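Data first, discussion second: the structure below is written as structure tokens.
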Amino acid sequence: MKDFNYIQPDSLSQAGKYLSNRNNDAVILSGGTDLLSLIKENIYTNENVVNLKTIPNLNNIKYKKGEGLTIGALTKISDVAESKIIKEKFTVLAEAAKEIASLQLRNMGTVGGNICQRPRCWYYREDFDCIKKGGGECFAYQGENKYHCIIGGGPCYIVHPSDLAVALTALDAKVKLFFDDSSRIIPIHEFFILPEDDYLFENILRDGEIVTEIIIPDLPDGAKSSYIKIKERETWDFAVVSAAAVISKKGSNIKSGKIAYGGVAPIPWTEEIINKSLKNLNADKNEIEKISKIILADAEPLEKNKYKVILAKNLVKRILTNLVLDA
Amino acid sequence: MKIKFTLNKKKVTAEVESTERLIDLLRNKFQLMGTKEGCSIGECGACTILMDGKAVNSCLVLAEQIEGAEIITIEGIADGEQLHPIQENFIKAGAIQCGFCTPGMVVSSYELLNENPEPNEEEIKEAIAGNLCRCTGYKQIIDAVKISAEQLRDSK
Amino acid sequence: MSRKIIKSKYDLYEEKIETIAEVPSEKEKPLAPNSKLKYVGKDVNRYDGYDKVSGSAIYTIDKVLPNMVFARVMVSPHPHAKIKSIDVSKALKLKGVLHIITNENTSEIPWYYNTSKLFDKHLRYQGDEVACVAAETEKIAEEALSLIKVEYEIMPHVVTAESAMKENAPKIHNNGNFGRPSEYTRGNFDEGIKQADVTIEDTFTTQVEVHNPTEVHCSVVNWDGGKLTVWDSTQSIFSVRDNVAQSLGLNASDVRVVKKYMGGGFGSKLEAGKYTVMAALLAKKIGRPVKAAMNRREMNLSVGNRPDSNQTITIGTKKDGTFTAMSHIAYGVMGAYPSGSSSYWPLRSIYKCPNIKIDNKSIYINAGRARPFRAPGHVQGTFALESIIDDLALKLGMDPIELRLKNYTEVDQDGDVPYTSKLLKEAYEKGAEEIGWKNRNKIPGSQTGEIKTGIGMASQIWWGGGAPPSYATLKLNSDGSAKIFSGTQDIGTGTYTFMQQIAADVLEIPIDKVNVDLGDTGTMPYSGGSGGSMTAPSVSPAVYDAAIQMKQKLISNAAAILEVDESNLIYSSGNISSKNDSSKSIEIKDVVGKIHERVLVTTGARNENPNGYAINSFGAQFAKVEVDTMTGIVRVKKIVAAHDIGRVLNRKTLENQFYGGVIMGLGYALMENRVIDDYTGKVLTTNLHDYKMPTMQDMPDIKVIIVSEEDNLISPTGVKGIGEPAMIPTPGAIANAVFNAIGVRIKSLPITPDKILEALNSKS
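Chains as they are written, first to last, in the working numbering: chain A, 2 to 328; chain B, 118 to 273; chain C, 13 to 776.
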């Protein structure tokens with residue numbers, strides 16, 4: 002592991018000051034579960050590592066009826082998975098949290114770190130001078146692309162690895178960001194960016210900008226949500242494809258709903274056309290079948306990942322059936 | 118940098134470097150060799166220890182991060198020579214083969230039973246699935262945790 | 013007891029092994045049946061349990077010597093290249109770096125059967141060794157690697173068998189990309205096919221599997237004058253001793269290899285590593301002990317794997333299912349250096365068939381060399397064979413087990429000799445009953461609903477009967493305790509424990525009075541490597557023989573002490589007494605105490621194998637699976653492993669190995685896969701989430717049924733090995749169960765969701 006300086010700020014503003022100074026060549030350490038691997042593999046070689054863990058008040062889960070849920074960025078993933086209010090009210094998020102890696106990593110990893118984690122593309126993680134690392138090409142495009150994206154790709158074809166991000170997208174979450182000495186709040190779909198906009202990064206965070214909080218609007222009473230993740234082994238695996246859905250019902254009809262998919266695109270993916278078609282839908286078996294057939298209509302799978310299209314359609318069918326029909 | 122923390126119930130101090138990992142501190146400075154390194158990036162669980170009561174991979178914790186923390190390693194599970202019931206039951210259930218993953222397995226089991234004294238089989242699997250074993254096929258490890266849960270409940 | 017010297021002969025694949033061995037001259041009275049014994053066959057706790065659960069067990073990676081330094085190896089980043097120049101000057105200037113060795117400052121040490129060298133300028137895979145640094149700390153050694161400047165001449169690479177077999181393919185060795193072929197003929201295949209009413213032919217493929225034991229490959233070396241001690245994470249201390257001695261030009265007796273605990277090997281740790289010899293060279297130069305350890309990435313590149321396979325099988329049968337001809341045409345990659353990739357043995361040996369044609373090719377590619385991996389060839393060969401047999405059964409309208417029974421053989425198909433024992437029929441019966449064979453889908457794939465269940469099975473044959481030479485020394489102390497020494501090694505499988513059990517039962521003393529020390533070439537009598545399911549069947553008769561001799565020695569000494577004729581003495585529960593005069597009695601500890609050495613020593617030997625018999629283990633595994641047709645996920649619900657493995661020595665360690673073998677087979681069937689990028693020739697799966705091994709949550713219910721008892725035609729302990737049999741049939745059984753569930757045959761491993769979904773999609 003390359004040497005680095007370990008910086009421990011006492012406050013957010015101190016951290017912000019330090020991080021916003023471009024001369025500092027610094028990177029943020031939160032849970033460290035991804036960062037230390039990246040440093041170990043020489044993908045990150047920053048001179049300074051700034052530990053946020055000592056900053057107070059970034060580690061809490063708060064819920065207020067009507068207003069919603071806020072989760073501090075340093076909240077452990079295991080705390081999200083076990084939170085009573087999240088399990089009951091924002092089930093999709095607890096289920097997504099529980100699907101992450103292993104208990105040891107959930108005990109260390111944080112919510113902020115999870116949505117900011119770097120891709121698991123094996124060309125990125127291995128010894129390849131790939132486009133994501135500033136090199137000339139995406140080796141996956143014509144290479145071993147079984148786990149890569151089927152939509153939204155080019156010039157880099159990663160999938161976003163975060164489970165929480167998919168659930169948060171279905172929940173219409175917002176992300177609170179801190180830079181230097183000020184904060185801004187942006188919708189999560191604006192937080193993540195496609196490689197066509199910037200292939201070096203997966204989100205809009207500027208150098209030194211810190212995710213401090215996740216804000217989730219309250220769900221109407223009776224809203225239901227769920228997360229299904231397909232992986233090749235049961236533990237410690239990233240999604241081949243995953244689906245998150247949040248549904249509010251009125252009688253037997255869906256009042257409104259939102260579906261997001263993981264493992265299909267370089268960002269958590271959601272399709273407005275599908276979300277709109279859920280509105281006031283008389284959701285019977287036929288309608289669900291119809292919707293599952295039209296999702297990811299623009300998918301352009303690579304040579305080895307055509308199965309992901311079938312899988313995504315089937316998952317949407319299953320998640321809607323579970324939430325709407327089997328309820 | 119000098120850090121202070123509690124190691125297996127004793128207060129200790131150590132001089133650490135910025136890039137030093139907790140696993141290196143435990144193995145090299147404190148010579149606690151029960152914590153094993155299998156993959157170095159949190160994918161095998163052989164280096165599992167308890168940090169403030171939670172199971173974590175000590176290969177992914179920087180030594181400086183444990184300032185003030187309470188650390189328990191496999192060496193801190195037994196009471197001197199007297200094995201903890203979980204350790205005894207690993208032997209009784211035949212839950213060991215080459216033994217390299219065993220310390221991590223025991224530590225993960227210990228955390229589970231502290232937090233959930235009556236785990237069902239699914240909960241056991243979920244809690245310990247971050248510990249890879251290439252030899253035993255896991256079945257007897259689950260048995261060992263089940264027997265331990267019963268025994269620890271009865272002794273309360 | 014008299015001894016004789018024999019030439020011990022046995023077959024290992026095509027190799028005819030011959031070694032000189034001392035064996036008991038006469039057949040010994042066998043160990044009593046388990047029902048009459050106190051320890052053997054019982055649920056005895058493992059001898060090494062305390063050390064392993066307490067964290068006090070010291071593995072090679074934990075070994076620390078005073079003044080020890082660390083070595084790290086620099087490996088080629090390219091799949092195929094030549095070293096034009098190496099510049100270590102900058103690295104040598106780094107504070108704490110002690111010495112660096114490369115091809116420029118070491119003598120040529122032949123490696124890989126003389127096809128390469130310790131440091132070869134011609135680098136044939138990503139992971140081939142370039143340099144080795146010794147430094148005060150591992151971190152400094154690691155940093156020094158990044159400061160070594162190497163100029164490479166990049167050469168074109170090939171990383172698949174298909175491309176390496178092409179005429180114009182880049183050559184990895186001067187004589188091309190083909191290794192030693194495996195060809196075999198029995199009868200006349202073409203004639204056999206003419207006699208067939210029904211013929212079936214299909215092609216199956218399997219992937220490269222990596223051993224990935226949890227403890228990395230590592231050694232600690234220390235020179236004491238001209239003598240070298242090596243602590244090594246190894247399955248074969250004597251092989252490492254001989255390899256290291258030969259490489260360094262030392263007498264074997266000047267190299268001592270020690271191994272107490274090791275964190276798994278599965279075949280990857282049967283030979284000395286280059287790192288061991290490099291560490292010895294560095295230690296010699298620096299004059300300090302050196303530890304050399306690989307990291308997980310290198311484990312996935314360099315220290316062995318199960319070769320892949322492309323197997324085309326043809327079977328001709330009569331209408332009633334009788335096989336008339338079988339052929340197995342295959343190829344597989346053995347990596348950059350000589351190894352083997354054949355997969356035909358199950359087809360050649362398990363069923364009765366007069367006409368056989370075999371042609372297996374082993375291909376060089378620019379990737380890490382294959383090594384033996386838990387039942388080499390058999391796991392992949394059994395998957396293909398047992399898959400096509402199920403397809404054939406369907407074609408013939410027969411029950412798959414009925415078809416197997418139709419071609420059951422009571423004699424070894426190669427040598428035309430009977431087996432010492434074969435209880436495969438019993439395994440079929442008991443396994444079928446336990447899994448509920450009757451409930452399988454009569455028409456595969458016929459269930460409705462999204463989640464379909466299926467039941468399948470596969471059979472297994474392996475050797476694992478053990479052989480001489482294998483020795484064990486037994487010491488009896490004047491406090492009544494015993495100690496066993498043997499140059500075998502316990503790789504976690506329970507060798508310590510069964511040796512303790514056998515000695516305690518023969519001497520009729522409490523088991524905690526028996527201690528065992530294994531794994532030291534310097535102080536212990538020879539025993540072979542722990543591979544091939546050979547350890548228990550080789551070592552258990554040796555310790556039995558030592559204990560029997562000890563008993564006799566005690567009786568002889570007691571006769572002199574008590575002044576009673578030996579024939580009038582009775583040995584019972586550690587006591588020797590006169591039949592006629594109850595006042596004449598002595599405890600064995602007092603016997604030892606009365607003789608002037610105050611210790612009695614015997615050395616036992618493994619017996620000669622019987623002439624005119626084949627020794628094989630047999631078994632069948634049955635799998636019940638659930639296939640989610642929406643997601644392609646296969647969940648294995650239950651595996652029944654019914655096996656004929658001779659005597660059970662210890663139920664706990666036996667089950668332990670079976671569960672582990674089944675899980676390893678499940679990983680191979682469903683997820684494990686080394687992936688290489690064809691364009692760059694680099695490995696993509698060097699960590700433990702890209703290279704997926706099963707976790708606790710992937711584990712099915714497993715039931716182990718042993719259908720055999722002691723086979724005393726083999727040896728007085730009547731044991732067959734279990735390490736490999738446990739894994740051989742698992743992937744085949746799972747594949748057949750998947751077929752039974754969905755009605756579509758997946759012909760390539762691993763059976764991952766993409767393959768299932770695409771197969772179901774193209775079917776509908």
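Just so it is clear, CB atoms sit at the ideal spot from N, CA and C, and this is done for glycine as well.
Quick caveat, the model's predicted, so the values are computed rather than measured.
Against chain C, the beta carbon of B:Thr253 has neighbours under 7 Å at Asn668, Tyr671 and Gly672, listed in chain order.
For B:Met118, the secondary structure class from DSSP, reduced to helix, strand or coil, is coil.
Flagged as an interface residue toward chain A: B:Gly159, by a C-beta distance shorter than 7 Å. For a Cβ distance threshold of 7 Å, residue set Lys694, Leu696 and Thr698 of chain C lies close to A:Glu127, ordered along the chain.
Inter-residue distance for C:Gly540 and C:Cys144 is about 30 Å (C-alpha atoms, whole angstroms). At least 7 Å separates the CB of A:Asp181 from every CB of chain B. In terms of beta-carbon proximity, A:Tyr124 stays away from the interface with chain B, with every pair separated by 7 Å or more. Pairing C:Gly457 with C:Gly755 gives a Cβ-Cβ distance under 7 Å.
Interface with chain B (7 Å Cβ-Cβ cutoff): C:Ser314 is excluded. For C:Lys606, the closest alpha carbon among the candidates C:Glu179, C:Asn419 and C:Leu488 is that of C:Leu488. Per the coordinates, the alpha-carbon of C:Glu213 lies some 50 Å from the alpha-carbon of A:Asn115. If only uninterrupted alpha helix (DSSP H) runs of at least 4 residues are considered, those enclosed by the segment 188-221 of chain B are 202-210.
In this structure, C:Met739 lies away from C:Gly658, with their beta-carbon atoms at least 7 Å apart.
Within the segment 138-163 of chain A, those residues whose Cβ lies closer than 8 Å to any Cβ of chain C are, in chain order, Phe140, Gln143, Gly144, Glu145 and Lys147. Bridge pairing for A:Lys251: A:Asn254 [DSSP]. Between A:Ala298 and A:Val325, the C-beta gap is not smaller than 7 Å, which leaves the two residues out of contact. For the segment 175-209 of chain B, the residues whose beta carbon sits under 9 Å from a beta carbon of chain A are, in order, Cys176, Leu177, Val178, Leu179, Glu181, Gln182 and Glu184. Distance between A:Ala141 and C:Lys767, taken at the CA atoms: about 19 Å. Closest in alpha carbon position to A:Asn6, among A:Ala171, A:Ile231, A:Lys133 and A:Leu30, is A:Leu30.
One alpha carbon belongs to C:Glu165, the other to A:Asn52, and they sit about 43 Å apart. Close to B:Ser135, with beta-carbon spacing below 8 Å, are these residues of chain A in chain order: Asp4, Phe5, Asn6, Tyr7 and Val50. When A:Ala240, A:Arg121 and A:Asp199 are compared, the shortest CA-CA separation from A:Gly135 is found for A:Asp199. Here the segment 168-181 of chain B makes no contact with the segment 194-206 of chain B; the two share fewer than three CB pairs at distances below 8 Å. Separation of A:Gly258 and A:Ile248 (C-alpha to C-alpha, rounded to the nearest whole angstrom) is 4 Å.
7 Å or more divides the Cβ of C:Val232 from the Cβ of C:Ala295. In the three-state DSSP reduction, C:Glu213 falls in the strand class (E or B). Look at C:Gly468 here: in three-state DSSP terms it is strand. For the options C:Asn699, C:Ser545, C:Thr665 and C:Gly586, the alpha carbon positioned closest to that of B:Ile208 is the one of C:Thr665. Taking 8 Å as the Cβ-Cβ cut-off, the segment 216-237 of chain A approaches chain C at Ile231, Glu233, Arg234, Glu235, Thr236 and Trp237, given in chain order.
The C-beta separation of C:Tyr22 from C:Asn621 comes to about 7 Å, placing the pair in contact by the 8 Å criterion. The C-alpha of C:Thr465 is placed about 21 Å away from the C-alpha of C:Ser471. Listed in chain order, the beta strand (DSSP E) elements of length 3 or more contained wholly in the segment 507-541 of chain C are 526-530. In terms of CA proximity to C:Ser251, C:Thr533 leads the group C:Ala571, C:Thr533 and C:Asp723.
For B:Lys171, a Cβ of chain A is located within less than 7 Å of the residue's own Cβ.
Three or more beta-carbon pairs separated by less than 8 Å are not found between the segment 84-104 of chain A and the segment 182-200 of chain B, which leaves the two stretches without contact.
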